[in-house]
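Just so you know, we're using the numbering used here here: the sequence shown kicks off at 1453 and counts up by one.
Glycine included, C-beta positions come from ideal geometry on N, C-alpha and C.
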Amino acid sequence: GYEQLRDVNPRLIYAQLSGLGYDGPYAGRGGFDLIAQGMGGIMHVTGEPDGAPTSVGLPICDLGTGMWAAQGILAALYERQRTGEGRLIECSLLETAIGFSSWTSAQWLVDRQEPTREGSRHRQNAPYQRMRTQDGYLMIGAAGQGIWERCAAALGHAEWCSDPRFATNAARMQNRAALEAAMEAVLTTNTSEHWVGVLEAAGVPCGPVYTYGQMFADPQVKHRELIESAKDPELGVVPHIRTPVKVGDSIKVRHVAPKLGEHNTEIYGRLGYSASDLAALKAKGAI
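Right, dumping it as structure tokens:
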């Protein structure tokens, strides 16, 4: 572990990731993304108000734990430039889930108010949510009074802004069901594409709710070149999404993911292991 390796190399930066944490009453317990979503409060605040707790449709804890760990490693590298000392970096799926809940956790920690499930609706602003259209769904972000007034006018109902039920954000939050019904009565008369054009022209942030096929066909997604390809000796050209972080044009995927043990000879060779040493390790099942 880290303590033993640090004695050999005090500059070592050592990251260890776990399901629920390396110490404490749950140390040693297994953990998966969805378990962390459940224990870390994510499922409690995800889903419709009258529905069951729901997991996020992506492995947010798996991916997020790696991201938090990478940040910790970068911070330790920066510190080592000044101190010459390494660090132990720890992160778990559970802590990642709780770490993402900064807003809802603050709500509970300050006044012990249990956060509720809101579906696609924003917790503090209306209308900031999913709405039905003629051919699908649209996300509308009319957060802020000025945007709301532009939204109402763009939908042909400027009078909504003087309606006591919808005049202020507090009133809209209290009468959200009526607001949704009124807006969807208009939005379902035309397509998502039509309303995106209307609302964008009025300065109202919005966007269609895409399928994956629609997402990858979107001109902005294509322009940003999120899809790259790499060659696999067995599978041929393999498409994949690039990292969402662009650092100029310097970062490109050169190879597909290696097969298990593909680089054993190269890596162990650098460490001084001979071919017979590798054969012995393989015979033991060590590699």
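Continuous alpha helix (DSSP H) stretch holding residue i: start and end
i: Tyr1720; result: Asn1716 to Arg1722
i: Leu1529; result: Ile1512 to Thr1535
i: Leu1671; result: A small correction: the amino acid at residue 1671 is Pro; Leu does not occupy that position in the sequence shown. Start and end: Pro1671 to His1675.
i: Lys1704; result: Segment: none, Lys1704 is in no alpha helix (DSSP H) and carries neither H nor E.
i: Met1491; result: Asp1485 to Met1491
i: Tyr1778; result: A query on residue 1778 cannot be resolved here, the shown segment of the chain reaching from 1453 to 1739 and no further.
i: Glu1645; result: Ser1644 to Ala1653
i: Ala1735; result: Ala1727 to Lys1736
Where the beta strand (DSSP E) through residue i begins and ends
i: Leu1639; result: Here Leu1639 belongs to no beta strand (DSSP E); instead the alpha helix (DSSP H) covers Arg1628 to Leu1639.
i: Ala1682; result: Ile1679 to Asp1684
i: His1692; result: Gly1688 to Ile1693
i: Arg1584; result: Tyr1580 to Arg1584
i: Gly1659; result: Cys1658 to Pro1660
Residues that residue i bridges to, as DSSP identifies them
i: Arg1539; result: Ile1465
i: Tyr1478; result: In DSSP, Tyr1478 forms no bridge with anything.
i: Ser1544; result: Ser1470
Straight-line Cα distance separating residue j from residue i
i: Leu1733; j: Leu1457; result: 21 Å
i: Leu1651; j: Ala1578; result: 16 Å
i: Leu1687; j: Leu1730; result: 28 Å
i: Ala1527; j: Leu1472; result: 23 Å
i: Val1673; j: Gly1665; result: 11 Å
i: Ala1504; j: Asp1475; result: 31 Å
i: Ser1557; j: Pro1567; result: 8 Å
i: Ala1521; j: Glu1601; result: 43 Å
i: Gly1524; j: Thr1643; result: 45 Å
i: Arg1532; j: Ala1727; result: 36 Å
i: Asp1459; j: Leu1529; result: 18 Å
i: Ser1725; j: Ala1735; result: The question names Ser, yet the displayed sequence has Tyr at residue 1725. In a straight line, the C-alpha of Tyr1725 is about 15 Å away from that of Ala1735.
i: Arg1481; j: Leu1546; result: 12 Å
i: Ile1487; j: Glu1500; result: 20 Å
i: Gly1593; j: Arg1582; result: 9 Å
i: Asp1701; j: Val1690; result: 20 Å
i: Thr1717; j: Leu1723; result: 10 Å
i: Ser1470; j: Lys1704; result: 30 Å
i: Gln1626; j: Pro1660; result: 26 Å
i: Pro1710; j: Ile1719; result: 13 Å
i: Ser1544; j: Glu1455; result: 19 Å
i: Cys1603; j: Cys1658; result: 10 Å
Mind the definition here: the stretch 1660 to 1680 touches the stretch 1602 to 1612 only if three or more C-beta pairs lie below 8 Å; say whether that holds. Of all C-beta pairs linking the stretch 1660 to 1680 to the stretch 1602 to 1612, fewer than three are shorter than 8 Å, placing the two stretches out of contact.
Report yes or no: do the stretch 1534 to 1542 and the stretch 1456 to 1468 share at least 3 C-beta pairs separated by less than 8 Å? Under the 8 Å Cβ criterion, the stretch 1534 to 1542 counts as touching the stretch 1456 to 1468, having at least three qualifying pairs.
I'd like to know if the stretch 1548 to 1555 and the stretch 1484 to 1500 are in contact, where contact means that at least 3 CB-CB pairs between them fall below 8 Å. The way I'd put it, the stretch 1548 to 1555 does touch the stretch 1484 to 1500; three or more beta-carbon pairs between them come closer than 8 Å.
contact_flag[the stretch 1628 to 1642, the stretch 1575 to 1594] where n(CB pairs < 8 Å) is 3 or more: Between the stretch 1628 to 1642 and the stretch 1575 to 1594, the count of C-beta pairs closer than 8 Å reaches three or more; the two stretches touch.
Below 8 Å, how does it come out for the stretch 1620 to 1636 and the stretch 1593 to 1605: are there three or more Cβ pairs, yes or no? Three or more Cβ pairs closer than 8 Å define a contact, and the stretch 1620 to 1636 meets that threshold against the stretch 1593 to 1605.
If you scan the stretch 1557 to 1617 from start to end, which runs of the beta strand (DSSP E) of 3 or more residues do you find wholly inside it? Those beta strand (DSSP E) runs which fall completely within the stretch 1557 to 1617 and span 3+ residues are 1580 to 1584 and 1589 to 1593.
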